[in-house]
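K.L.:
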DNA sequence: CGGAGTGTACCGGCCAGACGGTACAGTAGC
DNA sequence: GCTACTGTACCGTCTGGCCGGTACACTCCG
């Protein structure tokens, strides 16, 4: 069963988001996943392998979203916006948080683990630059989205609900009107 | 001399930006600052105190910038944009990198150390929302800027030089035209 | 004037504990 | 008998933090 594998990956992000990066230890992850430490090391022979696994999963999601985006102008930019930021402030955005967690974990434990992510991200950026709309608009929207989930992750003054929607509309209009 | 204190703070950000979060140890910081470990611990009795010091300094800069911004419409938003992102892609943006480093260090070592920063940031966000321009525009610009320095810090597909300027112009126009 | 004492800034060795990782014997299910 | 674990004992290293010193400037008192 790859079930346990996924549970371990989930557990790692849970620990990271709940207790902070400092607390991301093999013991803590194993405990969270209700797996023995031996079991964890059976699936991920090292901590690096664990965070590499987190990044891999993230890369997979990215790739899927990238290919799933349509061909109409602004399609990719819109997908990127919607994937990270719901129109309404549902405050969950679980997928985006998971992404950030993986990013975070990697940059702490093993910056090299980010390499595959960098490549997919670069591909995504290229896709945005050729999205049938002004590349500057697409890039600005992307950066805003990145800033958005960062602000939520670190809880640095994320836009209040009312403003949240207005910013979302603004970005959407930006995409449409270019 | 508070000279040594500042040198230690600088050393901490240097180590973090150069060698990654993993390498941010008391020994490494002391070595970088050419101070003994005892000397470090004289100024900062714990690692938490060290990152708290980093955040404090950042908060100070924020406060200064906040009061220094003028009163004309969009002044604060423009300051925020210019502080983090040079019009040309000078690739340095040292101040912004320093900010990120402090943020990073805090979220790893002691998430609670971010509290004072959260408050200043919230104040800054309020200031942006009352900047004489559409609050949604101000917020969107802010988020884009946040995303910008994040992309540079983690090296996740930061906009290429040519695009960099176009995005900068786009954001500036957004501020002016609202 | 001189000696004693006080506070600041810093040195550097050391230790306890945490953490990553190994090893290995055992087991439940297919 | 193989996969997918469990459970535990253990090791070496790294790291945060403590502590006993030292150098030195300054001050207070007789």
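Residue numbers (full-length UniProt numbering), protein chains in the order written: chain A, 1 to 178; chain B, 1 to 178. Glycine residues also receive a C-beta, built at the ideal position from the N, C-alpha and C atoms.
1. Which residues in the same chain have their Cβ closer than 8 angstroms to the Cβ of residue 40 of chain B, if we skip the five residues on either side of it in sequence?
2. Is the beta carbon of residue 141 of chain B less than 8 angstroms from the beta carbon of residue 77 of chain B?
3. Check whether chain A comes within 8 angstroms of residue 121 of chain B, counting only Cβ atoms and requiring the distance to be less than that.
4. Distance, Cα to Cα, residue 12 of chain B vs residue 153 of chain B?
5. Taking the C-alpha atoms as reference points, what is the distance between residue 71 of chain B and residue 112 of chain B?
6. Ignore the nearest five residues each way along the sequence and tell me which others in residue 16 of chain A's own chain have a CB closer than 7 angstroms to its CB.
7. Buried or exposed: which applies to residue 131 of chain B, given that a residue is buried once 16 or more other Cβ atoms fall within 10 Å of its Cβ?
8. Identify whether residue 155 of chain A lies in helix, strand or coil by the three-state DSSP scheme.
9. With a 10 Å radius around its C-beta and 16 neighbouring C-beta atoms as the bar for buried, classify residue 64 of chain A as buried or exposed.
10. Decide if residue 92 of chain A is buried, meaning its Cβ has at least 16 other Cβ atoms within 10 Å, or exposed.
11. Exposed or buried, residue 119 of chain A, counting other C-beta atoms within 10 Å across all chains shown (16 or more means buried)?
12. Does residue 45 of chain A pass the burial test, meaning 16 or more other C-beta atoms within 10 Å, or should it be called exposed?
13. Look at the alpha carbon of residue 159 of chain A and the alpha carbon of residue 147 of chain B, and state the distance between them as a whole number of angstroms.
14. From the DSSP output, in three-state form, read off residue 34 of chain A for me.
15. Give, in chain order, every residue of the segment 146-161 of chain A whose Cβ lies closer than 7 angstroms to some Cβ of chain B.
16. Is the CB-CB distance between residue 171 of chain A and residue 139 of chain B below 8 angstroms?
17. Hey, does residue 236 of chain A have any beta-carbon neighbour from chain B nearer than 8 angstroms?
18. Run the CB neighbour count on residue 98 of chain A, radius 10 Å, all protein chains shown included, and call it buried at 16 or more, exposed below.
19. Please tell me whether residue 167 of chain A has its Cβ less than 8 angstroms away from any Cβ of chain B.
20. Can you name the residues of chain A whose CB is closer than 9 angstroms to the CB of residue 109 of chain B?
21. Terminal residues of the continuous alpha helix (DSSP H) containing residue 62 of chain A?
22. Starting from the Cα of residue 136 of chain B, find the closest Cα among A/155, A/129 and A/144 and give me that residue.
23. Along the UniProt domain "HTH tetR-type" (2-62) of chain B, what residues have a CB closer than 8 angstroms to any CB found in chain A?
24. Tell me where the alpha helix (DSSP H) around residue 125 of chain B begins and ends.
25. Check whether the Cβ of residue 177 of chain A lies closer than 8 angstroms to any Cβ atom in chain B.
P.N.:
Let me spell this out:
1. Residue mapping note: residue 40 of chain B aligns to position 40 of the second chain, counting from 1. Within the same chain, 8, 26, 29, 30, 33 and 50 come within 8 angstroms of residue 40 of chain B by CB-CB distance, once the 5 residues on both sides are set aside.
2. Numbered from its first residue, the second chain carries residue 141 of chain B at position 141. Numbered from its first residue, the second chain carries residue 77 of chain B at position 77. The answer is yes: Cβ separation under 8 angstroms.
3. For the purposes of this step, residue 121 of chain B is taken as the residue at position 121 of the second chain. So yes, residue 121 of chain B belongs to the interface.
4. By one-based count along the second chain, residue 12 of chain B stands at place 12. By one-based count along the second chain, residue 153 of chain B stands at place 153. Roughly 16 angstroms separates the two Cα atoms.
5. The count along the second chain starts at 1 and reaches residue 71 of chain B at position 71. The count along the second chain starts at 1 and reaches residue 112 of chain B at position 112. Approximately 33 angstroms between the Cα atoms of the pair.
6. As a working mapping, residue 16 of chain A is identified with position 16 in the first chain. Residues of the same chain with a CB within less than 7 angstroms of the CB of residue 16 of chain A, apart from the 5 flanking positions on each side, are 24, 101, 104 and 105 in chain order.
7. As a first step, residue 131 of chain B must be located in the second chain, where it is residue number 131. When all chains shown are included, residue 131 of chain B counts as buried.
8. Here residue 155 of chain A refers to the residue found at position 155 when the first chain is read from its first residue. If DSSP states are grouped into helix, strand and coil, residue 155 of chain A belongs with coil.
9. Counting from one through the first chain, the residue named residue 64 of chain A turns up at place 64. With fewer than 16 other Cβ atoms within 10 Å, it is exposed.
10. In the first chain, the residue the question calls residue 92 of chain A occupies position 92. Note that residue 92 of chain A has pLDDT 49, beneath the 50 cutoff, so the model's placement of it is unreliable and the number below is only indicative. By the neighbour-count rule (16 or more Cβ atoms within 10 Å), residue 92 of chain A is not buried but exposed.
11. Walking along the first chain from the start, residue 119 of chain A turns up at place 119. By the neighbour-count criterion, in which 16 or more other beta carbons inside 10 Å mark a residue as buried, residue 119 of chain A falls on the exposed side.
12. Numbered from 1 along the first chain, position 45 holds the residue referred to as residue 45 of chain A. Of the residues assessed, residue 45 of chain A falls on the exposed side of the cut-off, its CB having fewer than 16 other CB atoms within 10 angstroms.
13. As a working mapping, residue 159 of chain A is identified with position 159 in the first chain. As a working mapping, residue 147 of chain B is identified with position 147 in the second chain. Each residue's Cα considered, the two are about 14 angstroms apart.
14. If you number the first chain from 1, residue 34 of chain A lands on position 34. Three-state DSSP puts residue 34 of chain A in coil, outside helix and strand.
15. If the cut-off is 7 angstroms between Cβ atoms, the segment 146-161 of chain A has 146, 147, 148, 150, 151, 154, 155, 156, 157 and 159 near chain B.
16. Position 171 of the first chain, counted from the first residue, corresponds to residue 171 of chain A. Position 139 of the second chain, counted from the first residue, corresponds to residue 139 of chain B. With contacts defined as CB atoms closer than 8 angstroms, residue 171 of chain A and residue 139 of chain B fail to qualify as a contacting pair.
17. Since the displayed chain A opens at 1 and closes at 178, residue 236 of chain A lies outside it and no answer follows.
18. The count along the first chain starts at 1 and reaches residue 98 of chain A at position 98. Under this definition residue 98 of chain A is a buried residue.
19. Taking the first chain and counting its residues from 1, one reaches residue 167 of chain A at position 167. With 8 angstroms as the cut-off, residue 167 of chain A counts as an interface residue toward chain B.
20. To locate residue 109 of chain B, count along the second chain from 1; it is residue 109. Here the neighbours are 20, 21 and 22.
21. What you label residue 62 of chain A is simply residue 62 of the first chain in a count that begins at 1. That run of the alpha helix (DSSP H) goes 47-68.
22. Along the second chain, one-based indexing puts residue 136 of chain B at 136. For residue 136 of chain B, the nearest C-alpha among the options comes from A/144.
23. For chain A, the residues of the UniProt domain "HTH tetR-type" (2-62) of chain B that bring a beta carbon within less than 8 angstroms of one of its beta carbons are 20, 21 and 22, in chain order.
24. Residue mapping note: residue 125 of chain B aligns to position 125 of the second chain, counting from 1. Its alpha helix (DSSP H) spans residues 115-129.
25. Your numbering for residue 177 of chain A matches position 177 in the first chain. For residue 177 of chain A, the closest Cβ of chain B is not nearer than 8 angstroms.
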